[in-house]
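Reading through the structure tokens given below for one structure.
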Ligand code: HEM
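Residue numbers (UniProt numbering): 1 to 418.
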């Protein structure tokens, strides 16, 4: 049994008390995951009142298991499950989520994902590489002569939102507004959220949807070579995306499309610099060629993933790893902890760019596998080597603080000098 001010593990009962809002946890979750792996990789989290899974094989198989889904209301009523009625003050948010890929299950999910996939094909992603390089170089040009920068605001915040907005067909000038909407919107995914967070998310969902609707109208009149025009005109077996599906999909792509990538750029730069300090790792070796760059990017995704937990509903009663689950129960899959399973990765808390032990689970698995993974990987494989090449001698100017939002694991700021 392990005890600290924020963590207490009872391996016999497989019961854990863990304060997700305690800096001792969210500033450094990896040692906590290591303790869970050592004592009880499957556990009942008392504060969250549900079971959580951290074992790599279990998480990987649960993500693909048809007995679990992101949604439950397609097979059961609110009454059946005792789920409260939707709240009036979050109705615009709920509307925007109604057709979000992330919230659907087959057959609706299959139909929508097939249509979106047809528009979001790799040729659209690959042709972004020149633009990613140009934008990253332009941003570095601006701060390079100063010898210091706060990397999130001057670099990491800007690239993912600009790229996904350009792909969709939204002007660059909308970037700051999109960031604001998206930031308010993802406030709804926090463990602890206030009424004010909910109202901000709802207001932003309404404004976001109205704006997207006006761009859709423009593209219907005058199609361009952008993702939105492709989504409007994509057809599969005589079916098209409806107006509501187009709005929800555009919002989810814009939201999911940048927040995680912003944090992953920050987390990756931080771990590489810290490893340089502690184990003498040289960034030049990490980014020697495309192959080493790719392995470095994957090791960063494994050891400091930007989104830690995804939930699933149990769609039919079953037993998983000795835990009896009833229809309607929620479970938590901790992807970031699965990436640290010592049964899968040797010395999992150690950064080893040369690892060859299989895929990390940071982009999920199964039918909801991240649709934006090729774009996120392309961005990371371009911007990380570029930063270290253009700013030799890069180092941390201050000790980075992690944001107090457990759902996203990212930094408040990343102050650098060179
Ligand atoms: C490092 C960056 C990213 C990470 C770590 C990440 C992670 C994830 C994960 C774990 C899921 C699966 C969720 C689940 O199974 O419940 C997911 C789904 C999704 N992601 Fe990402 N993502 C990233 C970047 C992006 C980007 C750039 C886009 C858009 C261009 C995007 C769009 C989506 C969408 C639309 C889904 C839902 C897919 C579905 O449900 O069928 N993501 N992402």
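Every residue, glycine too, gets a C-beta built ideally from N, C-alpha and C.
task: List the DSSP bridge partners of residue 44.
output: Indexing the chain shown from 1 puts residue 44 at position 44. Answer is 15, 51, bridged to residue 44.
query: Can you find a heavy atom of the ligand HEM that lies under 7 Å from the Cβ of residue 113?
result: By one-based count along the chain shown, residue 113 stands at place 113. Answer for residue 113: yes, Cβ within range of the ligand HEM.
message: If contacts are defined as beta-carbon pairs under 8 Å, then residue 286 and residue 396 qualify, I think. What distance do you get, rounded to the angstrom?
response: Counting from 1 along the chain shown, the entry for residue 286 is found at position 286. Counting from 1 along the chain shown, the entry for residue 396 is found at position 396. With 8 Å as the limit, residue 286 and residue 396 do not qualify as a contact, their Cβ atoms being about 16 Å apart.
query: If we ignore side chains and look at the alpha-carbon of each, how far apart do residue 20 and residue 51 end up?
result: On the chain shown, position 20 is the one that residue 20 refers to. On the chain shown, position 51 is the one that residue 51 refers to. Looking at the two C-alpha atoms, the distance is approximately 15 Å.
message: Quick check on residue 180: does DSSP put it in helix, strand or coil?
response: Translated into positions along the chain shown, residue 180 becomes position 180. In the structure shown, residue 180 sits in a helix (DSSP, three-state: H, G or I).
query: How about the region 167-187 and the region 204-219: do they share at least three Cβ pairs that are nearer than 8 Å?
result: yes
query: Going by DSSP, which residues form a beta bridge with residue 242?
result: Position 242 of the chain shown, counting from 1, holds the residue named residue 242. According to DSSP, residue 242 bridges with nothing at all.
task: Would you check whether the ligand HEM has a heavy atom nearer than 7 Å to the C-beta of residue 37?
output: The sequence position of residue 37 within the chain shown is 37, counting from 1. Not so, every heavy atom of the ligand HEM lies at least 7 Å from the Cβ.
query: Is the beta carbon of residue 353 sitting closer than 8 Å to the one on residue 302?
result: Looking up residue 353 in the chain shown gives position 353. Looking up residue 302 in the chain shown gives position 302. Cβ distance not < 8 Å, so residue 353 and residue 302 don't count as in contact.
- request: Alpha carbon to alpha carbon, how far is residue 204 from residue 90? Give it in angstroms, no decimals.
  value: Start at 1 with the first residue of the chain shown, and residue 90 comes out as number 90. Start at 1 with the first residue of the chain shown, and residue 204 comes out as number 204. Approximately 11 Å, taken between the alpha carbons.
Selected residue, minimal CA-CA separation from residue 277, among 25, 76, 112, 399: Reading the chain shown from its first residue, position 277 is the one you call residue 277. Residue 277 has its Cα closest to that of 399, out of 25, 76, 112, 399.
message: Helix, strand or coil, according to DSSP, for residue 312 in the structure here?
response: Start at 1 with the first residue of the chain shown, and residue 312 comes out as number 312. Strand, per DSSP.
field: Euclidean distance between Cα positions of residue 230 and residue 108
entry: Residue numbering aside, residue 230 sits at position 230 when the chain shown is read from its first letter. Residue numbering aside, residue 108 sits at position 108 when the chain shown is read from its first letter. Their Cα atoms are separated by approximately 20 Å.
- prompt: In terms of residue numbering, what span does the alpha helix (DSSP H) encompassing residue 95 cover?
  reply: Numbered from its first residue, the chain shown carries residue 95 at position 95. Segment 91-98, the alpha helix (DSSP H) holding residue 95.
- prompt: Within 7 Å: the Cβ of residue 264 and any heavy atom of the ligand HEM?
  reply: The residue labelled residue 264 in the question sits at position 264 within the chain shown. Yes.
task: Please specify which runs of the alpha helix (DSSP H), each continuous and at least 4 residues long, are wholly inside the region 307-362, giving them in chain order.
output: 335-338
field: Reduced DSSP secondary structure (H/G/I, E/B, other) of residue 236
entry: Counting from 1 along the chain shown, the entry for residue 236 is found at position 236. Residue 236 falls in the strand class under three-state DSSP.
field: With 16 other Cβ atoms within 10 Å as the buried cut-off, status of residue 93
entry: Counting from one through the chain shown, the residue named residue 93 turns up at place 93. So residue 93 counts as buried.
Spatial neighbours of residue 401 in its chain, beta-carbon cut-off 6 Å, leaving aside the 5 residues before and after: Mapped onto the chain shown, residue 401 falls at position 401. Only 412 meet the Cβ criterion.
- prompt: Using a Cβ-Cβ cut-off of 6 Å (strictly less than) and excluding sequence neighbours within five positions of residue 234, which residues of its own chain qualify?
  reply: Along the chain shown, one-based indexing puts residue 234 at 234. For residue 234, where only same-chain residues beyond five positions count, the Cβ hits under 6 Å are 115, 118, 119.
- prompt: How about residue 338 and residue 55: do their beta carbons lie closer than 8 Å?
  reply: Start at 1 with the first residue of the chain shown, and residue 338 comes out as number 338. Start at 1 with the first residue of the chain shown, and residue 55 comes out as number 55. Against a cut-off of 8 Å, the Cβ pair of residue 55 and residue 338 comes out as a contact.
message: Is residue 305 close to the ligand HEM? I mean its beta-carbon at under 7 Å from any heavy atom of the ligand.
response: In the chain shown, the residue the question calls residue 305 occupies position 305. Yes, Cβ of residue 305 sits closer than 7 Å to a heavy atom of the ligand HEM.
field: Where residue 372 sits in the DSSP three-state scheme
entry: Here residue 372 is taken as the residue at index 372 of the chain shown, counted from 1. Residue state, collapsed to three classes: coil.
- prompt: Does the pairing of the region 122-142 with the region 233-248 give three or more beta-carbon distances under 8 Å?
  reply: no
query: If we ignore side chains and look at the alpha-carbon of each, how far apart do residue 370 and residue 363 end up?
result: As a first step, residue 370 must be located in the chain shown, where it is residue number 370. As a first step, residue 363 must be located in the chain shown, where it is residue number 363. Using only the alpha carbons, I get a separation of about 5 Å.
Other residues of its chain near residue 348: CB distance less than 6 Å, five sequence neighbours each side excluded: In the chain shown, residue 348 corresponds to position 348, counting from 1. For residue 348, where only same-chain residues beyond five positions count, the Cβ hits under 6 Å are 340, 342.
- prompt: Nearest-angstrom Cα distance between residue 253 and residue 96?
  reply: The residue labelled residue 253 in the question sits at position 253 within the chain shown. The residue labelled residue 96 in the question sits at position 96 within the chain shown. Looking at the two C-alpha atoms, the distance is approximately 12 Å.
query: So does the region 158-167 actually touch the region 378-393, counting three or more Cβ pairs closer than 8 Å?
result: yes
task: Could you give the DSSP three-state label for residue 69: helix, strand or coil?
output: The residue given as residue 69 occupies position 69 in the chain shown. Residue state, collapsed to three classes: strand.
message: By alpha-carbon positions, which one of 355, 403, 196 ends up nearest to residue 25?
response: Locating residue 25 in the chain shown gives position 25, where the first residue counts as 1. Residue 25 has its Cα closest to that of 403, out of 355, 403, 196.
- prompt: Roughly how many angstroms separate the alpha carbons of residue 359 and residue 104, rounded to a whole number?
  reply: Numbered from its first residue, the chain shown carries residue 359 at position 359. Numbered from its first residue, the chain shown carries residue 104 at position 104. Approximately 25 Å between the Cα atoms of the pair.
- request: Could you check what DSSP says for residue 287 in three-state terms: helix, strand or coil?
  value: Residue numbering aside, residue 287 sits at position 287 when the chain shown is read from its first letter. Correct three-state label for residue 287: coil.
- prompt: Tell me the DSSP bridge mates of residue 417?
  reply: One-based indexing of the chain shown puts residue 417 at position 417. Answer is 148, 395, bridged to residue 417.
message: I want to check one thing, is the minimum distance from the CB of residue 252 to the heavy atoms of the ligand HEM below 7 Å?
response: Reading the chain shown from its first residue, position 252 is the one you call residue 252. Flag set: Cβ of residue 252 near the ligand HEM.
message: Only counting the same chain, and skipping five residues up and downstream in sequence, which positions put a Cβ closer than 6 Å to that of residue 197?
response: By one-based count along the chain shown, residue 197 stands at place 197. Excluding sequence neighbours, residue 197 sits near 187.
message: Taking the alpha helix (DSSP H) that residue 27 belongs to, which residues open and close that run?
response: As a first step, residue 27 must be located in the chain shown, where it is residue number 27. Unbroken run through residue 27: none, as it is neither H nor E.
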